[in-house]
Amino acid sequence: MGRAGRWISAHWWALLGRLGFGKDRWLALDRNARRAFKTFFWVAVGLLLIAIGGVWNSTALYAAGIVIAVLIIPWRRLPFGQWIVPLVFLVLAVLYPFYYTHLFGSPIFGPAPGMDTMVVMMIFTMMALGLNVVVGYAGLLDLGYVAFYAIGAYMAGWFASSQFADRKIHFGAVGITPSAPGFHISIWLILPAAGLVTALIGVLIGLPTLRLRGDYLAIVTLGFGEIIPQIARNGDNFFGTGFNLTGGTQGLTPIDGPGFGNFISEHTGLPANYLFLQTADFYKAFYWTALLLVLFTVFCSVRLRDSRLGRAWIAIREDEIAAAAMGVPLMRTKTWSYATGAFFGGIAGAYFASFKSATFPDDFFFNISVFILCMVILGGIGNIPGVIFGACFLAYLNQEGLSNIGGWLNGHFGPGGTAVEVWHKPVDVPLYNFGIFGLILVIVMLVRPEGLIPSRRRAAEFHEGVHDQPLYDVSGPGG
Amino acid sequence: MPMFAAILVGLLLVWLIVNVAKDPADFVTVFFIGLTNGAVYALVALGYTLVYGILELINFAHGDVFMLGGMISATILTAFGLEASASFGALAPAIIVSLLVAMVACGALNATIEFVAYKPLRRAPRLAPLITAIGMSFILQDIALAWKGPEYVSLPAILPRSEVFRVALGGSEVVYTWNKLIVVIITVPVLVALMWLVQSTKQGKAMRATAQDKDAAAMMGINVNRTISFTFLIAGALAGAAGLLYALYFTQVRYDQGFQLGLIAFTAAVLGGIGNLPGAVLGALIIGFIQAFNEGLAWHSPGSDWTQSIVFSILILILVFRPEGLLGERTPEGA
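Protein chains in written order, with my numbering: chain F, 1 to 479; chain Z, 1001 to 1335.
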């Protein structure tokens, strides 16, 4: 915990001590009892807030029941216990399209996120998990992750639209008239292809740069993250040659949607083409597909983390010199982490482009790199549940949370507000999204640098400082 | 790799020479634009290099402090109510007042940022303050956004555009105007004062000692924390001066310009050798010239669409092949 965190903690306990419930009495309780007490306390606070400021209905009680059941029962001691909590969350996520319209409304945040927000949340979760491999496992700060997202999106743009009109190659694409010009390859093939190409570019970027350390690597990745979108922006006319690669600021649109084609559709009932579905089914199809991609990413992340390669990444993160002395090949290991992170970024980018049916160079600003980094840091660097939480929460905030909050604030404190009129012109809260994310970055780093849901190992590193040299002590050779 | 670097520099020289031969007057005009750009970049780059020298931290928020300096200057200059091409008597007090206010405000702002966002993280892993620096950068941008809105903040072109001299060269004329000269006239004394401060005063000695070895400096009785704060103050003041010059010369500032220009200035600092003050000025001039040549020369220049890519390519090439920069010494970073 940072200094500010310690300060808050000390004052909290001082307050409780004055009420006759000091830290010693608390610590004398049984561990499970403490946990149960904490859970019930916060669930009660939550229910009270929903009843006062939100829209109350019975689903709030079900949600409270699930939270209490998940947190209080020591699942880990049961056989197959470690599977139960993730399974509960998975079932809730899979069934989300069926119950979200009936959910209670939270105070300030408003109603539960809609389906298009959920799709975007899943895609950003995938990107955040990819970046987590680079930043969380291998400890390399990558400020240009948006470049991989861009490459993935343009892969979909090139091979699933009519961009290259002088060619005509169709392979497995759905919903395309046979005479359509350009490349039309099935999205299911483009996703892995985009991942592989992005991973290859990650290796190419990584090979010369990964021997730099710490902040120098960060700034080089930032440079690549700025160059690649600029190539996309200016790529409609390369140096006056007239060759249109990227469509310039117009972007590439429309991009084909995913789908299974008529044959499979008739035999299995899977949708022939996502883009031709009714609105509700359209979002469901994209959401479940995105959920599958996230599951695939989570599976790869877990298996990689526990593999020989993953342990090498963590060793490099904790102490590069010691890892090298133990025979970990630094360059190869770092390059693999870069390629892996890029792979998931590329898939997510291609899928996102297919979902939006377009890709524009303005989607790939430096801000997005920081946005994804913020997800990883807020949730808990290196910890998969933490990163998923951080990604979902921030993507939700950016998509609809901030505008809901803005509506609430303006409704209560804005012009003609129901509470007190503090400001007299409506404040456009979503306009300040990146300032708010910046504030989150600063507060998390000062108060809880290991993130909200950290892995125990990473938290220990932050508190004992084994990761690398602290700022203050950098003086001698060898850093 | 020296082969590669030699080929690159050689191609660059050929390109420049052909351009000189084709239109010498145009070349000299562009050269003066580059000099003016370089002067502004130098002030910003010095801030990066001062902070990096003492804390080994890339202060991402620095570019945004510069941008706020521009906003503050624009506000004060507008308050003076000067018209375009005002007289010297009306111009001088306005510029001096806004220079002082911008320098003091930005210095105080930068020192506050250090106190809030970097000081509590002295013992944290090195990436922690880097991340708070990015966060502070976004916060400052949104402060400017809330203050001035998303549009350009414009001010009248109060610097005189009359000519200092006019020379005939190769069939056309080179005109050097006062607004370009004034930027250099304000920059040079600030640079000299900074050099004097760092080289000849007790506080400067403390800064150099702290940069070399903080523990040893502390043992010699130097208040390390106060020295670091002072460094941030000076860096912020330089950014404020640069902000004023930018607002005066380009006559418009927008909330998101600081970050981009900050990255360009950081590249300049790296090019010259980060932590090295003359190096930062040299790097800034080179980057200023490269930008002006790229955007202004007629024969086969990539144009302003590619300026950022070119600058960042230089950054990457320098970091990969010569991390110590042109004038710097080899650091552990470049191992």
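Yeah, the Cβ is synthetic: ideal placement off N, Cα and C, and Gly gets one too.
CB contact below 8 Å: residue i versus chain F
i: Trp1299 of chain Z; result: no
i: Arg1126 of chain Z; result: yes
i: Ser1309 of chain Z; result: yes
i: Glu1333 of chain Z; result: Note that Glu1333 of chain Z scores a pLDDT of 41, beneath 50, so its modelled location is shaky and nothing firm can be said.
i: Leu1145 of chain Z; result: yes
i: Val1320 of chain Z; result: yes
i: Ser1313 of chain Z; result: yes
i: Ile1316 of chain Z; result: yes
i: Ala1117 of chain Z; result: yes
i: Ile1058 of chain Z; result: yes
Length of the line joining the Cα atoms of residue i and residue j
i: Leu1233 of chain Z; j: Val1040 of chain Z; result: 18 Å
i: Cys374 of chain F; j: Ile381 of chain F; result: 10 Å
i: Leu1277 of chain Z; j: Arg1123 of chain Z; result: 27 Å
i: Val1270 of chain Z; j: Gly1325 of chain Z; result: 6 Å
i: Gln1199 of chain Z; j: Glu450 of chain F; result: 41 Å
i: Asn244 of chain F; j: Arg233 of chain F; result: 11 Å
i: Gly1070 of chain Z; j: Tyr1246 of chain Z; result: 7 Å
i: Phe1266 of chain Z; j: Pro79 of chain F; result: 56 Å
i: Gly64 of chain F; j: Ile205 of chain F; result: Looking at the sequence itself, residue 64 of chain F is Ala, so the reference to Gly does not match. Roughly 47 Å between the two C-alpha positions.
i: Phe366 of chain F; j: Thr241 of chain F; result: 28 Å
i: Ala324 of chain F; j: Ile316 of chain F; result: 8 Å
i: Val328 of chain F; j: Gly1240 of chain Z; result: 47 Å
i: Ser1229 of chain Z; j: Val88 of chain F; result: 51 Å
Contact with chain Z by residue i, beta-carbon distance below 8 Å
i: Asn234 of chain F; result: yes
i: Met375 of chain F; result: no
i: Asp306 of chain F; result: no
i: Leu397 of chain F; result: no
i: Gly223 of chain F; result: yes
i: Phe462 of chain F; result: yes
i: Ile231 of chain F; result: yes
i: Ile5 of chain F; result: Correcting the residue type first, residue 5 of chain F is Gly in the shown sequence and not Ile. So no, Gly5 of chain F is outside the interface.
i: Glu226 of chain F; result: yes
i: Gly435 of chain F; result: yes
i: Gly438 of chain F; result: yes
Cβ neighbours of residue i in the same chain (closer than 8 Å, five flanking residues each side left out)
i: Asp1064 of chain Z; result: Met1136, Ser1137, Leu1140, Gln1141, Ala1144, Gly1258, Phe1259, Gly1262
i: Phe37 of chain F; result: Leu29
i: Phe413 of chain F; result: Ala419, Val420, Glu421, Val422, Trp423
Own chain residues within Cβ distance below 6 Å of residue i, not counting five before or after
i: Leu252 of chain F; result: Gly157, Ser161, Gln163, Thr359
i: Gly1034 of chain Z; result: Gly1288, Phe1289, Ala1292
i: Ala1284 of chain Z; result: Gly1038, Tyr1041, Ala1042, Ala1045, Ala1268
i: Val1174 of chain Z; result: Ala1025, Val1028, Thr1029, Val1167
Residues near residue i by beta carbon distance below 7 Å, same chain, minus five either side
i: Ser1098 of chain Z; result: Ser1073, Ile1076, Leu1077, Leu1244
i: Asn1179 of chain Z; result: Leu1159, Pro1160, Arg1161, Tyr1249
i: Ile50 of chain F; result: Trp56, Ala60, Phe104, Ser106, Pro107
i: Gly54 of chain F; result: Phe104, Gly105, Ser106, Pro107
i: Ala112 of chain F; result: Tyr100, Leu103
i: Pro258 of chain F; result: Ile187, Trp188, Tyr274, Thr289, Ser354
i: Gly1010 of chain Z; result: none
i: Asn277 of chain F; result: For clarity, residue 277 of chain F is Leu in the given sequence; the question names Asn instead. Contacts found: Pro271, Ala285.
Cβ-heavy atom distance, residue i to the ligand FAD, below 7 Å
i: Thr1036 of chain Z; result: Because no ligand of any kind appears in the structure shown, any question about the ligand FAD cannot be addressed here.
Of all the residues that make up the stretch 1036-1053 of chain Z, which are near chain F by a beta-carbon distance shorter than 8 Å?
none
When the Cβ atoms of the stretch 1292-1306 of chain Z are set against those of the stretch 212-225 of chain F, are three or more pairs found closer than 8 Å?
no
Check whether the stretch 435-443 of chain F and the stretch 1140-1152 of chain Z are in contact - that is, three or more C-beta pairs closer than 8 Å.
yes
The stretch 396-409 of chain F touching the stretch 1101-1112 of chain Z, judged by at least three CB pairs closer than 8 Å
No, because fewer than three Cβ pairs between the stretch 396-409 of chain F and the stretch 1101-1112 of chain Z fall closer than 8 Å, the two stretches do not touch.
Touching by the beta-carbon criterion (3+ pairs, under 8 Å), the stretch 340-359 of chain F and the stretch 182-192 of chain F
yes
Contacting positions in the stretch 440-457 of chain F - beta carbon closer than 9 Å to chain Z:
Ile440, Leu441, Val442, Ile443, Val444, Met445, Leu446, Pro449
Meets three-Cβ-pair contact criterion under 8 Å: the stretch 159-167 of chain F and the stretch 360-378 of chain F:
no
Positions along the stretch 1251-1265 of chain Z whose CB lies within less than 7 Å of some CB in chain F:
none
With three or more C-beta pairs closer than 8 Å as the rule, is the stretch 193-204 of chain F touching the stretch 163-179 of chain F?
no
So if I threshold CB-CB distances at 7 Å, which residues from the stretch 192-223 of chain F count as touching chain Z?
Listed by position along the chain: Pro208, Thr209, Leu212, Arg213, Gly214, Asp215, Tyr216, Ala218, Ile219, Val220, Gly223.
Counting pairs of beta carbons, one from the stretch 388-395 of chain F and one from the stretch 110-125 of chain F, are three or more of them closer than 8 Å?
The stretch 388-395 of chain F vs the stretch 110-125 of chain F: in contact.
Could you name the residues of the stretch 1130-1161 of chain Z whose beta carbon sits closer than 8 Å to any beta carbon of chain F, in the order they occur along the chain?
Residues of the stretch 1130-1161 of chain Z with a Cβ closer than 8 Å to any Cβ of chain F, in chain order: Leu1130, Ile1131, Thr1132, Ile1134, Gly1135, Met1136, Ser1137, Phe1138, Ile1139, Gln1141, Asp1142, Ile1143, Leu1145, Ala1146, Pro1150.
At least 3 beta-carbon pairs within less than 8 Å: the stretch 126-145 of chain F vs the stretch 327-341 of chain F:
yes
Along the stretch 404-432 of chain F, where does the CB come closer than 8 Å to a CB of chain Z? Name the residues.
Leu431, Tyr432
Positions along the stretch 26-54 of chain F whose CB lies within less than 7 Å of some CB in chain Z:
none
If contact means a Cβ-Cβ distance below 7 Å, which residues of the stretch 1220-1247 of chain Z contact chain F?
none
Check whether the stretch 1088-1102 of chain Z and the stretch 1211-1218 of chain Z touch, using three or more Cβ-Cβ pairs below 8 Å as the test.
no
Taking a cut of 8 Å between CB atoms, which residues from the stretch 1274-1308 of chain Z lie near chain F?
Shown in chain order are the members of the stretch 1274-1308 of chain Z whose Cβ falls below 8 Å from a Cβ of chain F: Pro1302, Asp1305, Trp1306, Gln1308.
To be precise: take each residue of the stretch 131-150 of chain F, compare its Cβ to all Cβ atoms of chain Z, and keep it if any distance is under 7 Å. Which residues remain?
Leu141
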